[in-house]
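Colleague:
Written as structure tokens, this is what we have:
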């Protein structure tokens, strides 16, 4: 890592970057000392603390916590699809093929996240089950739950991306892996929605889920949101409908929102 | 290639710029409209014989990269919507209007977010070359859409880790999953049930259950045939 180059690049986008540090002199003095000591291994930690100070970010949720949170959701999804297969109501042919493929992916995500938490010397979550008493009796409602789980999963991964910036497992970027799972969840969500005769994306008008799945598209930033980076996207360019503007962006859910009793928290055994 | 290197429809572009700047703060809008107004009376520069698109460095470079991909997708869907294949159904047409709208919104959003940092903020816009696709049949159009959407998903997955700013990362992630929804949909239209098939989501091995990720340089190579200019992505972050 070339810290001087990083600061140089930062100064291109943030002219005030050096002013954000305690003082220019302190920074370069410390850097000089670090380099003299040859303590290159200490550099990343130093840089992290420097930037945290400069940009006032709070300590991010620990990486293990984020991975265990993702693992909890994957275990919930995996168990849900296992129950769905076991219930035996999925029609033969294309529907069974799709549900089996999705289950296979969720199991792969469980294994990947479990192995990663273990490799990082954490304790992986285990034993998370979909609440038996909440499992729907009919296939149509099972699919509605699948839609809720997948669309929530997409929002949950998105909500944690910021906490994984720079997080590595060996040479692997955990952020990239999380995003690679995130887009798979979005593919699942799109297909499940199609199986339910819904648009594969989420228009502003979408609220078509039976109780108790009502809050799925709500949150601090609702799925019908049309404001992005401070601009109303319906007013960009030629002007667009609220449905298109909302569908063009999937929104974030925080960890607290996902795990509260109205969403995944209410579905865990 | 029969199409001009750069579109010279400055009238259309200026109208777009006007409505776009309406939403920006009044001070910025005033000064920029003056500039846009200058463009009205200026003949476009002659199209260069060899052109390059320089995406830049840092997060702005990555935003320019995403902007280029969204321009490409938007242009593709617009082309299809302008001349639907004869065998497109009413459902196909409705879906492609939705897809076009989403990609145009993504494009306009990046244009807004980048402002004068946009690689094309000088006023030229690209005319993409889709001659490598067969767009006269439903099958050809969906196969082309599948290629572009899968590339977009892989591009966002491979670029996200290079972003320094959390807010920028979140914005890209909000769009990335919509691209994955598009990809799943068009794949299902090409071959039912292929929304997450093993050519995009690994079946086994270390990457089992993971979608594809490609680096910006890999993606630039893949899209080069659509872009009538050399894309300079060498200053983008690589780690």
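Protein chains in written order, with this note's numbering: chain E, 85 to 353; chain P, 246 to 484. Note that CB positions come from ideal geometry on N, CA and C, so glycine has one too. As the structure is a computational prediction, the values presented were derived from the model and not from experiment.
Which residues in the same chain have their Cβ closer than 6 Å to the Cβ of residue 297(E), if we skip the five residues on either side of it in sequence?
Modeller: Taking the first residue of the first chain as 1, we reach residue 297(E) at position 213. Excluding positions up to five away in sequence, the list reads 232.
Colleague: Between which two residues does the alpha helix (DSSP H) containing residue 299(P) stretch?
Modeller: The count along the second chain starts at 1 and reaches residue 299(P) at position 54. From DSSP, residue 299(P) is part of no alpha helix (DSSP H) but of the beta strand (DSSP E) over 297-299.
Colleague: Helix or strand or just coil, what does DSSP make of residue 183(E)?
Modeller: By one-based count along the first chain, residue 183(E) stands at place 99. In the structure shown, residue 183(E) sits in a helix (DSSP, three-state: H, G or I).
Colleague: Please check if any C-beta of chain P sits within less than 7 Å of the C-beta of residue 284(E).
Modeller: Position 200 of the first chain, counted from the first residue, corresponds to residue 284(E). With 7 Å as the cut-off, residue 284(E) counts as an interface residue toward chain P.
Colleague: Distance cutoff 7 Å, beta carbons only. Does residue 437(P) sit that close to anything in chain E?
Modeller: Position 192 of the second chain, counted from the start, is the residue given in the question as residue 437(P). So yes, residue 437(P) belongs to the interface.
Colleague: Let me check one thing: in DSSP terms, what residues is residue 352(E) bridge-paired to?
Modeller: Stepping through the first chain from its first residue, residue 352(E) is reached at position 268. Answer is 214(E).
Colleague: Along the alpha helix (DSSP H) that carries residue 169(E), what are the first and last residues, could you check?
Modeller: As a working mapping, residue 169(E) is identified with position 85 in the first chain. Residues 147-171.
Colleague: With three or more beta-carbon pairs closer than 8 Å as the criterion, would you say the segment 221-228 of chain E touches the segment 389-409 of chain P?
Modeller: Not touching, per the Cβ criterion.
Colleague: Can you find a CB in chain P that lies within less than 7 Å of the CB of residue 228(E)?
Modeller: Position 144 of the first chain, counted from the first residue, corresponds to residue 228(E). No, its Cβ sits nowhere closer than 7 Å to a Cβ of chain P.
Colleague: Can the beta-carbon of residue 56(E) be found closer than 7 Å to that of residue 423(P)?
Modeller: With chain E running from 85 to 353 in the structure shown, residue 56(E) is simply not present.
Colleague: Compile a chain-ordered list of the residues in the segment 201-219 of chain E whose CB is closer than 8 Å to at least one CB of chain P.
Modeller: Listed in sequence order: no entries.
Colleague: Could you check which residue in 216(E), 186(E) and 339(E) has the C-alpha nearest to that of residue 453(P)?
Modeller: One-based indexing of the second chain puts residue 453(P) at position 208. Minimum Cα distance to residue 453(P) is reached at 186(E).
Colleague: Could you tell me which residues DSSP pairs with residue 476(P) in its beta bridges?
Modeller: For the purposes of this step, residue 476(P) is identified with residue 231 of the second chain, where counting begins at 1. DSSP, once it has assigned bridges, lists 298(P) as partnering residue 476(P).
Colleague: Closest to residue 434(P) by C-alpha separation, out of 400(P), 334(P), 455(P) and 323(P), would be which residue?
Modeller: For the purposes of this step, residue 434(P) is identified with residue 189 of the second chain, where counting begins at 1. When each option's Cα is compared against that of residue 434(P), the closest is 334(P).
Colleague: Buried or exposed for residue 462(P), going by 16 or more other Cβ atoms inside 10 Å?
Modeller: Residue mapping note: residue 462(P) aligns to position 217 of the second chain, counting from 1. Counting Cβ neighbours within 10 Å, residue 462(P) comes out exposed, since fewer than 16 surround it.
Colleague: Provide the residue(s) that pair with residue 256(E) in DSSP beta bridges, ordered along the chain.
Modeller: Translated into the one-based positions of the first chain, residue 256(E) becomes position 172. Answer by DSSP bridge pairing, in chain order: 253(E).
Colleague: What is the residue span of the alpha helix (DSSP H) that residue 282(E) lies within?
Modeller: Numbered from 1 along the first chain, position 198 holds the residue referred to as residue 282(E). Here residue 282(E) belongs to no alpha helix (DSSP H), and DSSP marks it neither H nor E.
Colleague: Is it a yes or a no for the segment 152-172 of chain E touching the segment 413-423 of chain P, going by three-plus beta-carbon pairs under 8 Å?
Modeller: With a cut-off of 8 Å, the segment 413-423 of chain P and the segment 152-172 of chain E do not count as touching, because too few Cβ pairs lie within range.
Colleague: Do residue 425(P) and residue 395(P) have their beta-carbon atoms positioned less than 7 Å apart in this structure?
Modeller: Working through the second chain from its first residue, we reach residue 395(P) at position 150. Working through the second chain from its first residue, we reach residue 425(P) at position 180. No; because the gap between Cβ atoms is not below 7 Å, this pair is not in contact.
Colleague: Beta-carbon within less than 7 Å of residue 307(E)'s beta-carbon, same chain only, minus the 5 sequence neighbours each way: which residues are those?
Modeller: The residue given as residue 307(E) occupies position 223 in the first chain. So the list reads 286, 290, 301, 330 and 335, once near-sequence residues are dropped.
Colleague: At a Cβ threshold of 7 Å, is residue 311(P) touching chain E?
Modeller: In the second chain, residue 311(P) corresponds to position 66, counting from 1. Answer no: the Cβ-Cβ gap between residue 311(P) and chain E never drops below 7 Å.
Colleague: Run down chain P in chain order and give the residues with a C-beta less than 9 Å from the C-beta of residue 164(E).
Modeller: The residue labelled residue 164(E) in the question sits at position 80 within the first chain. Here the premise fails: no neighbours, minimum Cβ distance about 16 Å.
Colleague: Is residue 157(E) close to the ligand ATP? I mean its beta-carbon at under 6 Å from any heavy atom of the ligand.
Modeller: Judged by which ligands are present, the structure shown has none, so any question about the ligand ATP falls away.
Colleague: Under a Cβ-count criterion, where at least 16 other Cβ atoms within 10 Å of its own Cβ denotes burial, should residue 311(E) be classed as buried or exposed?
Modeller: Here residue 311(E) refers to the residue found at position 227 when the first chain is read from its first residue. Exposed, because fewer than 16 other Cβ atoms sit within 10 Å of the Cβ of residue 311(E).
Colleague: Taking Cβ-Cβ distances shorter than 7 Å, what residues in chain E pair up with residue 420(P)?
Modeller: Working through the second chain from its first residue, we reach residue 420(P) at position 175. The answer, in chain order, is 333.
Colleague: For residue 311(E), which residues does DSSP report across the bridge?
Modeller: Looking up residue 311(E) in the first chain gives position 227. The partner list for residue 311(E) (beta bridge, DSSP) reads 316(E).
Colleague: Along the segment 316-330 of chain E, what residues have a CB closer than 8 Å to any CB found in chain P?
Modeller: Answer in chain order: 316, 317, 319, 320, 321, 322, 323, 324, 325, 328 and 329.
Colleague: Which full runs of the beta strand (DSSP E) of 3+ residues lie inside the segment 385-458 of chain P, going along the chain?
Modeller: Taking only runs of at least 3 residues, no beta strand (DSSP E) segment lies wholly in the segment 385-458 of chain P.
Colleague: Under 7 Å between beta-carbons, which chain E residues line up against residue 406(P)? List them in chain order, please.
Modeller: Position 161 of the second chain, counted from the first residue, corresponds to residue 406(P). The contacting residues are 257, 259 and 260.
Colleague: With a threshold of 16 other CB atoms inside 10 Å of the CB of residue 279(E), please say whether the residue is buried or exposed.
Modeller: In the first chain, counting from the first residue as 1, residue 279(E) sits at position 195. Buried, because 16 or more other Cβ atoms sit within 10 Å of the Cβ of residue 279(E).
Colleague: Could you confirm whether any beta carbon from chain P is found closer than 7 Å to the beta carbon of residue 246(E)?
Modeller: For this step, residue 246(E) is matched to residue 162 along the first chain. It does: the Cβ of residue 246(E) has a partner Cβ on chain P nearer than 7 Å.
Colleague: Looking only at its own chain, which residues have a Cβ that is under 7 Å from the Cβ of residue 355(P), when we skip the five neighbours before and after it?
Modeller: For the purposes of this step, residue 355(P) is identified with residue 110 of the second chain, where counting begins at 1. The answer, listed in chain order, is 308, 311, 312 and 315.
Colleague: Say whether chain E places a C-beta atom closer than 7 Å to the C-beta of residue 455(P).
Modeller: For the purposes of this step, residue 455(P) is taken as the residue at position 210 of the second chain. For residue 455(P), the answer is yes, since a Cβ of chain E falls inside 7 Å of its Cβ.
Colleague: Are the CB atoms of residue 418(P) and residue 213(E) within a distance shorter than 7 Å?
Modeller: Residue 213(E) sits at position 129 when you count from the first residue of the first chain. Residue 418(P) sits at position 173 when you count from the first residue of the second chain. The answer is no: Cβ separation not under 7 Å.
Colleague: Using the C-alpha atoms, what's the distance from residue 246(E) back to residue 466(P)?
Modeller: As a first step, residue 466(P) is located in the second chain; it is residue number 221 there, counting from the start. As a first step, residue 246(E) is located in the first chain; it is residue number 162 there, counting from the start. Residue 466(P) and residue 246(E): Cα-Cα distance of roughly 29 Å.
Colleague: Which of helix, strand or coil does DSSP assign to residue 375(P)?
Modeller: Here residue 375(P) refers to the residue found at position 130 of the second chain. Reduced to three states, the DSSP call for residue 375(P) is coil.
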